[in-house]
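Below is one structure, written out as structure tokens; comments come after it.
Residue numbers (the working numbering), protein chains in the order written: chain B, 24 to 443; chain F, -10 to 103.
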């Protein structure tokens, strides 16, 4: 089905005329809507979801009522309160969002075996291989049915945007046309009308830098982008096959049905106070190591590399990494390497983070001189993981991270659904 | 800030008092509790198989549930705790049902500055 690797290049006025069978579903202001669903007294009020309730914290989701008053995602809570003094700030509650994510996924899977969740609040249904009983139905009807099922099975306040088209890109574009609670279809017949109403930066994937690239060759509107020559896009604008992908994408051909591989597992943490001692920062770093180790083993992966970074109050960025000949997987082995690297970190830190890379399977087929030691370590790690799975996260953890749990709690994993 | 106060139809002093109130309360509209409560709940077929309809607090105060907002499981190892976010029409509450011990607790009360 994928044309990404295909050398076929449609002619300039050729659009994909097949029946639109890709549906993109996007929950509206997801976390804020879920909180309004959970707490009926908040419905119709401006609310902001934050990861920590301090004035300097950034807003991760705002309700439509807050957005109507100018509040934007990423804005500091303090700025939002100047625009909207009534705003109610709530700390994010991942267990609620995970539940809604799984309910949405269950609903979507009732219609097709080919469902991909793009993030915690959006997913794609590919109807190409659905049964005739499903694919034979009007997809707009199915979209309306999904909207109603969200209300029946989760709650009356739940709303979603739905977009239908011939590829993932145009389906997502369609889902963004009429927020909130929209349902739109983009076909070869209306693509020009739709694009005429969109700025270049309204297109997913075209941000400031790509916009500048397009502007540099005289492309200022989405329609001009659609009319652009594929050779110019490939050789002048994007200077790679990406230009060709855009040419196909805008014409409704699929180039985005690519499964991504897990390349690394990591976590980051913005310090709760900027006057912490070095020991206190290392304690939080240790907590992150335990969290990353646990996530990595959950995916049955080991790593060979570890990367640690720190952002400083004067906007500096420090990083260090190490690559081992042997794979590692235990919290202790991650921590000991990170600790060594972190020795050279600067002062005045405001954010820390680390990730493990060069991932491989946890089952090590290659035995080494240290095989006995690794096996013993693995048995201990497995015993700890089993207990934590049975009695809850961090039932057993190192004494060094005692007390860090109230600060370094897991927040919302944006852009990834691997841990949901 | 003062301009914003006028735009929203509030007086400057009202806006100022509201901001001071929030600062003093540290923006905390929620009261975290761990209070055993007696609950009357209805178990039935359908998408919402368990719905609390009334609960009695330790103080003797009875609260009638007007709406169940959301029911979701809380991660706690293999033990399942069900969180029920409910409202009596004036205040939002969270009730937690321990499916292993069959006990109910009131764990949160929020009035959202009404």
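Virtual Cβ for every residue (Gly too), placed ideally from N, Cα, C.
How many angstroms separate the CA atom of residue i from the CA atom of residue j?
i	j	result
residue 415 (chain B)	residue 69 (chain F)	10 Å
residue 237 (chain B)	residue 250 (chain B)	12 Å
residue 99 (chain F)	residue 229 (chain B)	42 Å
residue 93 (chain B)	residue 27 (chain F)	44 Å
residue 364 (chain B)	residue 342 (chain B)	9 Å
residue 82 (chain B)	residue 71 (chain B)	6 Å
residue 97 (chain F)	residue 60 (chain F)	14 Å
residue 290 (chain B)	residue 352 (chain B)	15 Å
residue 190 (chain B)	residue 87 (chain F)	45 Å
residue 43 (chain B)	residue 78 (chain B)	46 Å
residue 256 (chain B)	residue 262 (chain B)	7 Å
residue 203 (chain B)	residue 91 (chain B)	12 Å
residue 287 (chain B)	residue 381 (chain B)	7 Å
residue 160 (chain B)	residue 135 (chain B)	13 Å
residue 59 (chain B)	residue 30 (chain F)	23 Å
residue 25 (chain B)	residue 271 (chain B)	Reliability fails at residue 25 (chain B), whose pLDDT of 48 lies under 50, so the model's placement of it is uncertain and the value that follows must be treated cautiously. Approximately 11 Å between the Cα atoms of the pair.
residue 379 (chain B)	residue 173 (chain B)	37 Å
residue 113 (chain B)	residue 19 (chain F)	9 Å
residue 396 (chain B)	residue 305 (chain B)	26 Å
residue 208 (chain B)	residue 196 (chain B)	9 Å
residue 316 (chain B)	residue 37 (chain F)	37 Å
residue 426 (chain B)	residue 40 (chain F)	36 Å
residue 58 (chain F)	residue 46 (chain B)	28 Å
Please confirm whether any heavy atom of the ligand GDP lies closer than 6 Å to the CB of residue i.
i	result
residue 49 (chain B)	With respect to small molecules bound, the structure shown includes none, and the ligand GDP cannot be examined in it.
Using a Cβ cut-off of 9 Å, pull out every chain F residue sitting near residue i, in sequence order please.
i	result
residue 133 (chain B)	What residue 133 (chain B) touches in chain F: nothing, since even the nearest Cβ is about 13 Å away.
Below 8 Å on C-beta distance, what does residue i contact in chain B?
i	result
residue 99 (chain F)	62 and 64
Which chain F residues are close to residue i, counting only those with a beta carbon under 7 Å from its beta carbon?
i	result
residue 175 (chain B)	36
Taking Cβ-Cβ distances shorter than 8 Å, what residues in chain F pair up with residue i?
i	result
residue 289 (chain B)	Simply none; closest approach about 21 Å.
Strictly below 9 Å CB to CB, what residues from chain B border residue i?
i	result
residue 18 (chain F)	111, 112 and 113
residue 80 (chain F)	64
State whether the segment 39 to 48 of chain F contacts the segment 100 to 107 of chain B, with contact taken as three or more CB pairs (one from each stretch) at a distance under 8 Å.
-> no
Is it true that the segment 266 to 285 of chain B meets the segment 346 to 361 of chain B, where meeting means three or more beta-carbon pairs spaced less than 8 Å apart?
-> no
Residues within the segment 413 to 429 of chain B neighbouring chain F, beta-carbon criterion of under 8 Å | 413, 414, 415, 416 and 418
Taking a Cβ distance cut-off of 8 Å, strictly less, list which residues of the segment 61 to 73 of chain B are near chain F, in chain order.
-> 61, 62, 63, 64, 65 and 68
In chain order, what residues of the segment 107 to 121 of chain B put their CB closer than 7 Å to some CB of chain F?
-> 108, 111, 112, 118 and 119
Using a Cβ-Cβ cut-off of less than 9 Å, give me the residues of the segment 55 to 76 of chain F that come near chain B, in sequence order.
-> 55, 56, 57, 58, 59, 60, 61, 62, 63, 64, 65, 66, 67, 68, 72, 74, 75 and 76
Would you call the segment 33 to 45 of chain B and the segment 208 to 225 of chain B touching, i.e. three or more CB-CB distances under 8 Å?
-> yes
Kindly provide the ranges of any beta strand (DSSP E) runs that are 3 or more residues long and lie completely inside the segment 344 to 406 of chain B, ordered along the chain.
-> 372 to 380
Taking 8 Å as the threshold, find out whether the segment 42 to 54 of chain B comes into contact with the segment 75 to 91 of chain B through three or more Cβ pairs.
-> yes
Using a Cβ-Cβ cut-off of less than 8 Å, give me the residues of the segment 150 to 178 of chain B that come near chain F, in sequence order.
-> 175, 176, 177 and 178
Contact the segment 77 to 88 of chain F vs the segment 135 to 147 of chain B: 3+ CB pairs below 8 Å = no
Contact between the segment 53 to 71 of chain F and the segment 404 to 419 of chain B (3+ Cβ pairs under 8 Å) | yes
Can you find at least 3 beta carbon pairs, one from the segment 116 to 134 of chain B and one from the segment 245 to 261 of chain B, that sit closer than 8 Å?
-> no
Validate contact between the segment 396 to 409 of chain B and the segment 368 to 378 of chain B using beta carbons, cut 8 Å, 3 pairs = no
Taking contact to mean at least 3 C-beta pairs separated by less than 8 Å, is the segment 104 to 113 of chain B in contact with the segment 127 to 144 of chain B?
-> no
Taking only runs that begin and end inside the segment 26 to 92 of chain B, name each unbroken beta strand (DSSP E) of 3 or more residues, in chain order.
-> 45 to 50, 70 to 73 and 82 to 85
Secondary structure, alpha helix (DSSP H): runs of 4+ residues fully inside the segment 155 to 215 of chain B = 155 to 158, 162 to 176 and 191 to 198
At what residue ranges does the segment 285 to 353 of chain B contain a whole run of the alpha helix (DSSP H), taking only runs of 4 or more?
-> 301 to 321
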